[in-house]
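Colleague: Shown below is the structure under consideration.
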Ligand SMILES: Nc1ncnc2c1ncn2[C@@H]1O[C@H](COP(=O)(O)OP(=O)(O)OP(=O)(O)O)[C@@H](O)[C@H]1O
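Numbering (the UniProt record's numbering), first residue to last: 1 to 390.
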């Protein structure tokens with residue numbers, strides 16, 4: 001069977017008429033970049049936000065015409081909200097999110113303030129009902145990012161917030177295991193799926209959707225598209241905060257993700273070692289580049305706590321992350337020791353914050369959760385004057 005190419009897809013889309021039957025969607029510049037992998041085609045069509053519902057048939061027509069191409073297994077087409085002509089295009093000042101393209105799904109459920117809702121600078125559309133999306137990231141793998149993300153999310157929940165977690169680590173999803181969730185999420189209407197849940201925490205992960213290793217062959221654009229779908233096509237409900245467990249590292253994929261997800265802030269996890277700190281620095285530079293506020297650094301595996309005596313051993317160069325945070329002017333959020341219970345309870349899918357909620361490790365995570373939230377609300381206040389709709 002012949003390989004499907006972008007050109008064949010674009011040719012097919014030239015036959016789809018634009019809104020009001022004027023021209024076609026390709027010549028009217030409404031089609032995003034087209035991603036093709038394994039016979040599956042992904043792209044979006046930008047339409048004016050207020051016409052999204054009415055233009056649903058256009059989306060369906062595009063999907064049909066692409067599915068009809070020989071060799072195409074399926075097509076996933078989404079509508080994204082277009083920016084109104086004349087909307088401000090200036091580059092954002094101190095905060096804002098660089099991107100002028102609104103990624104909001106426009107089919108029906110979008111009531112989030114779009115970039116045209118009176119905003120002084122362009123904003124990525126948020127996720128309706130979700131107060132803040134906060135990334136947990138690390139400059140490199142293996143520093144305990146996922147363990148910290150899960151316990152931080154549960155710590156925020158324990159502190160009284162409504163919380164969800166999105167596992168954006170497509171190649172090595174760990175949230176299903178860390179939260180002991182198996183099975184597949186339910187689909188409700190029109191591709192919208194219900195998040196899984198355990199310990200009161202709503203969760204979404206590629207691990208729930210595809211067989212293990214299936215995602216390994218995916219290329220960057222598919223990964224981004226999958227993450228944006230897990231963000232926007234999931235019935236998250238009302239949440240104060242959605243924690244995003246980012247893929248480790250600071251490559252192009254991470255950068256694109258940091259740009260595309262409407263992040264309210266980022267938390268960097270590092271171990272105290274020099275090498276990890278160099279990587280953490282790269283992580284910080286990445287978020288600065290895309291103008292996502294840095295809520296702070298957590299030092300993981302900061303010191304060792306002996307299981308029997310509770311004695312503390314500073315064997316990892318403890319304090320490195322705090323010193324680094326001070327040096328570069330980023331808040332320091334706290335130190336998590338290396339302990340047997342954190343490791344064993346994570347492996348068992350019963351994170352310390354829920355399995356031993358009054359234990360010393362749980363209290364440390366709750367304290368960090370409190371600081372992250374304080375930093376977020378603080379940074380929101382600092383941003384407020386520039387955002388009219390708030
Ligand atoms: N504070 C801690 N004390 C003890 N063990 C820990 C701690 N933090 C993480 N670990 C353990 O370290 C290992 C790596 O943690 P985790 O999977 O969270 O790292 P990660 O940075 O998300 O890794 P990757 O980026 O490769 O997915 C796990 O076995 C985890 O249980």
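Think of the CB as a built atom: it goes at the ideal place given N, C-alpha and C, for glycine as much as any other residue. As the structure is a computational prediction, the values presented were derived from the model and not from experiment.
With a cut-off of 8 Å, do at least 3 Cβ pairs link the segment 326-344 to the segment 184-193?
Modeller: At 8 Å Cβ cutoff, the stretches do not touch.
Colleague: Are the Cβ atoms of residue 283 and residue 379 separated by less than 8 Å?
Modeller: The answer is no: Cβ separation not under 8 Å.
Colleague: Where does residue 299 sit, in a helix, a strand or coil, going by DSSP?
Modeller: Here residue 299 sits in strand by DSSP.
Colleague: Applying the criterion that 16 or more other CB atoms from any shown protein chain within 10 Å of the CB defines a buried residue, is residue 106 buried or exposed?
Modeller: In this prediction, residue 106 has a pLDDT of 36, which is less than 50 and means its spatial position is unreliable; what the coordinates show is noted afterwards. Result: buried.
Colleague: Any contact of the segment 170-179 with the segment 197-208, i.e. 3+ C-beta pairs under 8 Å?
Modeller: Enough Cβ pairs lie closer than 8 Å, so yes.
Colleague: Sorry if obvious, but does the Cβ on residue 366 come closer than 7 Å to a heavy atom of ligand 1?
Modeller: No, Cβ of residue 366 sits at least 7 Å from all heavy atoms of ligand 1.
Colleague: What is the DSSP secondary structure of residue 370, counted as helix, strand or coil?
Modeller: It is helical.
Colleague: Below 6 Å CB to CB, which residues in the same chain sit around residue 14 once its five sequence neighbours on both sides are set aside?
Modeller: Closer than 6 Å at Cβ, skipping near neighbours: 24, 26.
Colleague: Assuming residue 162 and residue 240 are in contact, meaning their beta carbons sit under 8 Å apart, how far apart are those beta carbons, in whole angstroms?
Modeller: Indeed they touch by this definition, with Cβ atoms about 5 Å apart.
Colleague: Excluding the 5 residues preceding and the 5 following residue 32 in the sequence, name in chain order all residues of the same chain whose CB lies nearer than 8 Å to its CB.
Modeller: Closer than 8 Å at Cβ, skipping near neighbours: 43, 44, 45, 46, 80.
Colleague: Could you pull out every unbroken alpha helix (DSSP H) segment of at least 4 residues lying fully inside the segment 275-343, listed in chain order?
Modeller: Whole alpha helix (DSSP H) segments, 4+ residues: 320-328.
Colleague: Could you check how far apart the C-beta atoms of residue 316 and residue 351 are, in whole angstroms? I think they sit under 8 Å.
Modeller: In fact, because the Cβ distance is near 22 Å, the residues do not count as touching under 8 Å.
Colleague: Return the bridge partner residues of residue 132 from the DSSP annotation.
Modeller: Answer by DSSP bridge pairing, in chain order: 241.
Colleague: Confirm, please, whether the CB-CB distance from residue 167 to residue 222 is below 8 Å.
Modeller: Against a cut-off of 8 Å, the Cβ pair of residue 167 and residue 222 comes out as no contact.
Colleague: Using CA atoms only, rank isn't needed, just tell me which of 362, 377, 381, 375 is closest to residue 152.
Modeller: Of the listed residues, the one whose Cα sits closest to residue 152 is 362.
Colleague: Just verifying my parser: in three-state terms, what is the DSSP assignment at residue 357?
Modeller: If DSSP states are grouped into helix, strand and coil, residue 357 belongs with coil.
Colleague: For residue 176, name the three-state secondary structure that DSSP assigns.
Modeller: In the structure shown, residue 176 sits in a helix (DSSP, three-state: H, G or I).
Colleague: Which word fits residue 225, buried or exposed, when buried means at least 16 other C-beta atoms lie within 10 angstroms of its C-beta?
Modeller: Result: buried.
Colleague: Based on the DSSP output, what are the partners of residue 147 in its beta bridges?
Modeller: DSSP lists no partner for residue 147.
Colleague: Any idea if residue 365 is buried or exposed, counting beta-carbon neighbours within 10 angstroms, 16 or more meaning buried?
Modeller: Buried.
Colleague: Does DSSP classify residue 186 as helix, strand or coil?
Modeller: Coil, per DSSP.
Colleague: Suppose the cutoff is 7 Å on Cβ atoms and the five residues either side in sequence are ignored; what does the same chain contact list for residue 17 look like?
Modeller: So the qualifying residues of the chain are 24.
Colleague: Within the present structure, is the beta-carbon of residue 338 separated from the nearest heavy atom of ligand 1 by less than 7 Å?
Modeller: It does: the Cβ of residue 338 is within 7 Å (strictly closer) of some heavy atom of ligand 1.
Colleague: Given a cut-off of 8 Å, decide if residue 201 and residue 164 are closer than it, judged by their beta-carbon atoms.
Modeller: Result yes, Cβ atoms of residue 164 and residue 201 sit closer than 8 Å.
Colleague: Let me check you understand the geometry: is the CB of residue 205 closer than 7 Å to at least one non-hydrogen atom of ligand 1?
Modeller: No, the Cβ of residue 205 stays beyond 7 Å of every heavy atom of ligand 1.
Colleague: Taking DSSP as the reference, what is the three-state secondary structure of residue 78?
Modeller: It is a strand residue.
Colleague: Given this structure, state the Cα-to-Cα distance separating residue 8 from residue 270, to the nearest angstrom.
Modeller: Spanning the two alpha carbons is a distance of roughly 46 Å.
Colleague: Under 8 Å, do residue 330 and residue 155 count as touching if we go by C-beta distance?
Modeller: It is not a contact, given that the beta carbons lie outside the stated cut-off.
Colleague: Apart from the five residues on each side of it in sequence, which residues of its chain come closer than 6 Å, Cβ to Cβ, to residue 263?
Modeller: These residues qualify, in order along the chain: 133, 135, 292.
Colleague: Taking the straight line between their C-alpha atoms, what separation do you get for residue 328 and residue 286?
Modeller: Cα-Cα distance, rounded: 14 Å.
Colleague: Which residue from 297, 375, 78, 72 puts its Cα closest to that of residue 191?
Modeller: Checked all of 297, 375, 78, 72; the closest Cα to residue 191 is 78.
Colleague: Would you mind reading off the limits of the beta strand (DSSP E) that contains residue 196?
Modeller: Counting along the chain, the beta strand (DSSP E) containing residue 196 begins and ends at 196-198.
Colleague: Ligand 1 heavy atoms versus the CB of residue 351: any closer than 7 Å?
Modeller: Not so, every heavy atom of ligand 1 lies at least 7 Å from the Cβ.
Colleague: Relative to ligand 1, is the shortest distance from any of its heavy atoms to the C-beta of residue 301 smaller than 7 Å?
Modeller: Yes - ligand 1 has a heavy atom lying nearer than 7 Å to the Cβ of residue 301.
Colleague: Who are the Cβ neighbours of residue 370 in its own chain at under 7 Å, not counting the five residues just before and after it?
Modeller: Taken in chain order, the residues that qualify are 159.
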